[in-house]
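K.L.:
In this text, residue positions in the first sequence follow the numbering used here: the first is 1099, and each later residue adds one.
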Amino acid sequence: MQRTRIAEILSAEKTGTGFTIMGWVRTKRDSKGGFSFIEVNDGSCLSGLQIIADEKMPNYKDEVLKLQTGCSVRAFGTLVASPGKGQKVELQAQKIEVLGWADPEVYPLQKKRHSFEFLRTIAHLRPRTNTFGAVARVRNAMTRAIHDFFQERGFIYLHTPIITGSDCEGAGEMFKVTSFDLDQVPKTDGHVDFAGDFFGGPANLTVSGQLEAEIYALALGDVYTFGPTFRAENSNTSRHLAEFWMVEPEMAFCDLEGDAALAVEFLKYIFSYVLKNCKEDMEFFNRFIDSSVLETLENLVSQDFEHLTYTDGIEILSKSKKTFEFPVNWGIDLQSEHERYLCEEVFKKPVVMVDYPREIKAFYMKLNEDGKTVRAMDVLVPKIGEIIGGSQREDDHDTLFERIKEMDLNPDDYWWYLDLRKFGSVPHSGFGLGFERLIQFVTGLANIRDVIPFPRTPGNVSF
RNA sequence: UCCCCAGUAGCUCAGUCGGCAGAGCAAGUGGCUGUUAACCACUGGGUCCGCGGUUCGAGUCCGUGCUGGGGAGCCA
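1) Roughly how many whole angstroms lie between the Cα atoms of VAL1372 and ALA1234?
2) State buried or exposed for LYS1464, treating a residue as buried only when at least 16 other CB atoms are found within 10 Å of its CB.
3) Check this for me: beta carbons of GLN1185 and GLY1175, under 8 Å apart or not?
4) Using a 10 Å radius around the Cβ and a threshold of 16 neighbouring Cβ atoms, would you call SER1129 buried or exposed?
5) What are the boundary residues of the beta strand (DSSP E) that LYS1071 is part of?
6) If you compare alpha carbons, which of ASP1246, CYS1169, ASN1238 is closest to LYS1209?
7) Does DSSP put ASP1496 in a helix, a strand or coil?
8) What ranges does the beta strand (DSSP E) occupy inside the stretch 1495–1534, keeping only unbroken runs of at least 3 residues that lie completely in it?
9) Tell me the DSSP bridge mates of TYR1322?
10) Specify the secondary structure class of ALA1151 as computed by DSSP and reduced to three states.
11) Whose CA, out of PHE1117, TYR1255, HIS1212, PRO1259, lies closest to the CA of ILE1194?
12) Is the Cβ-Cβ distance between ALA1221 and PRO1556 less than 8 Å?
13) Pairing CB atoms from the stretch 1243–1254 with CB atoms from the stretch 1384–1391, are three or more of them under 8 Å?
14) Taking all protein chains shown into account, do 16 or more other C-beta atoms lie within 10 angstroms of the C-beta of TRP1343, making it buried, or fewer, making it exposed?
15) Distance check for VAL1449 and GLY1411, CA to CA, integer angstroms please.
16) What residues in its chain sit with their C-beta under 8 Å from that of GLY1298, if we drop five residues either side in the sequence?
17) Look at GLY1483 and PHE1529 and say whether their C-beta atoms are less than 8 Å apart.
18) Just how far apart, CA to CA, sit ARG1218 and LEU1316?
19) Give me the Cα-Cα distance between THR1262 and THR1304, rounded to the nearest whole angstrom.
20) Residues bridged to GLN1190 by DSSP?
21) Start and end of the alpha helix (DSSP H) containing ASP1128?
22) Restricting to runs no shorter than 3 residues, where is the beta strand (DSSP E) found entirely within the stretch 1388–1470?
23) Exposed or buried, which one is MET1505 when buried takes at least 16 other CB atoms within 10 Å?
24) Three-state secondary structure (DSSP) at ASN1228?
25) Does the count of Cβ pairs from the stretch 1517–1534 and the stretch 1353–1366 closer than 8 Å reach three?
26) Just grab the DSSP bridge partners of THR1555 for me.
27) Going by DSSP, what residue range makes up the alpha helix (DSSP H) through PHE1386?
28) Would you list the one or two residues that DSSP bridges to GLY1487?
29) Rank LYS1503, LEU1516, ARG1473 by C-alpha distance to the C-alpha of ASP1494 and give the top, closest one.
30) In the DSSP assignment, the beta strand (DSSP E) including LEU1303 goes from what residue to what residue?
31) By the 10 Å Cβ neighbour count, where 16 or more other Cβ atoms means buried, how is TRP1514 classified, buried or exposed?
32) Who are ASN1139's beta bridge partners in DSSP?
33) Determine the burial state of PHE1364: buried for a count of at least 16 other Cβ atoms within 10 Å of its Cβ, exposed for fewer.
34) Given this structure, state the Cα-to-Cα distance separating ASN1041 from MET1240, to the nearest angstrom.
35) Out of curiosity, what's the CA-to-CA distance linking GLU1312 and HIS1338?
36) Count the other C-beta atoms from every protein chain shown that fall within 10 angstroms of the C-beta of HIS1289, then say buried if there are 16 or more, exposed otherwise.
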């Protein structure tokens, strides 16, 4: 089954004899001049290839004329410069073989545009559309860029567990993992007795690989995780999934300033990689999805990011004449209206905000000398708000122990995490980034369900 | 989970004051053409989301449930 990908043909503007291409028919236009134009897409790029099928072909009447959107074909022939206007090369077919028919009476995809809501109900066919093909290619390119970025800088890719015994990561509701027969769960004193369960204790799907990443950072130096995470929150928004992918670097011998510098460098790297390597798909998004994505990404790559403290940010917000739905005063968690105001109206560029009140941030963040704030960092970008959250981790054993108790957590659950501060503790930092939100930002897709192949949301596990 | 909006042909939608179920696209048939998500003509196509109620009469009004969307909260 030798074939040449359409992406290769188009990028090199190949011509010559003896080419085989395979793909799915997007449209067909018959000419009474004795031939048909068949546009075939093989997923290797946004553009398809125009195939000219002459009526002299033995199966022209019985098969070629009956081809419809969705059929799969193999075409053999000669690549020539196209006399038509819409394309540089086309395939003059000597032979066209139908691999699979698609009955037009029931095939759901049409040549016209469909709503994203409808396409979600046919997630097995939506990657055959322009938008979802482009999303899949850009998602792939971003995955590669993420690995390239960290690998070029000597980071070790770490596989943290999907199933975890600790329910103490504190990042949200967790999905339970069990092999119990749910109709007959063993109970003691009214509570589930996990001693007889598969793992001999309660188990959950991970909400973050950070704590485990810290273990390896404190042995290997610089590590990163990049894998699926799970939240059982009943969130019904265009920015939340129950299963999503997260990127989490963790660096030993690194303070908050180093952490923030890496986060900025990381974002610029990913954005410029996509601009350089996904030109056709990005132009498609800019034309049909969001006409500002190219300009936004180009600006982010070239602009410096604004740095300021939470305290300064609150001061700017409370002095501003704008009225917010949520009132501003020191100690509040910033709402997305506040974050967007700072990025879009005050600074008109991305903002790195640091040193948040201890009360609104996680227990593991390093306490500042003022005793009031912690070494936390958020990267805020226009339109989305927070895209990266990170911190320098508390590396002092006794301070961490007190913070755990202060947050009403049980120190026994964190014995190994505390051990890391007992034996050769070092300053270390890291951040987390939701991969799908980054893809949303890059592609301009409004709903997060459209940037992951098979979205998992409350009430939906189809496909 | 809360607030708002929507659900009518395969898709996208219109449907006035409660009074015969509509359009565009898609599909089928025919025509035309180096075409460009082609174009022209004709034809077929309906559980008006489900359940209950009001009414002589409900796509339309009321109640309720389900599904989808937008926003909020939670967060990545």
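C-beta: ideal position from N, C-alpha, C; glycine also.
A quick note: this is a predicted structure, and the numbers were derived from the prediction, not measured.
P.N.:
By the coordinates alone:
1) Each residue's alpha carbon lies about 13 Å from the other.
2) Classification for LYS1464: buried.
3) Taking 8 Å as the Cβ cut-off, GLN1185 and GLY1175 do not qualify as a contacting pair.
4) So SER1129 counts as exposed.
5) In the structure displayed, the chain extends from 1099 to 1561; residue 1071 sits before or after that span and is not available.
6) When only C-alpha atoms are compared, the closest one is CYS1169.
7) Three-state result, ASP1496: helix.
8) If we require 3 residues or more, the beta strand (DSSP E) runs fully inside the stretch 1495–1534 come out as 1526–1532.
9) The partner list for TYR1322 (beta bridge, DSSP) reads TYR1255, PRO1347.
10) If DSSP states are grouped into helix, strand and coil, ALA1151 belongs with the strands.
11) Distance check between ILE1194 and each of PHE1117, TYR1255, HIS1212, PRO1259 places PHE1117 closest, using alpha-carbon atoms only.
12) It is not a contact, given that the beta carbons lie outside the stated cut-off.
13) The stretch 1243–1254 makes no contact with the stretch 1384–1391, as fewer than three CB pairs between them are under 8 Å.
14) Buried, by the Cβ-count rule.
15) Computed Cα separation, rounded: 10 Å.
16) Closer than 8 Å at Cβ, skipping near neighbours: PHE1292.
17) By the CB criterion at 8 Å, GLY1483 and PHE1529 fall outside the cutoff.
18) For ARG1218 and LEU1316, the distance between alpha carbons rounds to 43 Å.
19) Going by the C-alpha atoms only, they are around 6 Å apart.
20) DSSP links GLN1190 through a beta bridge to ILE1150, THR1176.
21) Where ASP1128 is concerned, there is no enclosing alpha helix (DSSP H), although the beta strand (DSSP E) it sits in stretches over 1114–1129.
22) Listed in chain order, the beta strand (DSSP E) runs fully inside the stretch 1388–1470 are 1404–1407, 1449–1455, counting runs of at least 3 residues.
23) Residue environment: MET1505 is assigned as exposed (fewer than 16 neighbouring CB atoms within 10 Å of its CB, all protein chains considered).
24) Here ASN1228 sits in helix by DSSP.
25) In this structure the stretch 1517–1534 touches the stretch 1353–1366; the number of beta carbon pairs closer than 8 Å is three or more.
26) Answer by DSSP bridge pairing, in chain order: ASN1558.
27) It spans 1377–1386 - the alpha helix (DSSP H) in which PHE1386 sits, taken as one unbroken run.
28) Answer by DSSP bridge pairing, in chain order: ASP1476, GLY1530.
29) Of LYS1503, LEU1516, ARG1473, the residue nearest in Cα terms is LEU1516.
30) Start and end: 1301–1303.
31) That one is exposed.
32) Looking at the DSSP assignment, ASN1139 forms a beta bridge with TRP1122.
33) Buried, since its Cβ has 16 or more Cβ neighbours within 10 Å.
34) Since the first residue of the chain shown is 1099 and the last is 1561, residue 1041 is not available in this structure.
35) Their backbone Cα atoms lie some 26 Å apart in a straight line.
36) Answer is exposed; the Cβ neighbour count stays below 16.
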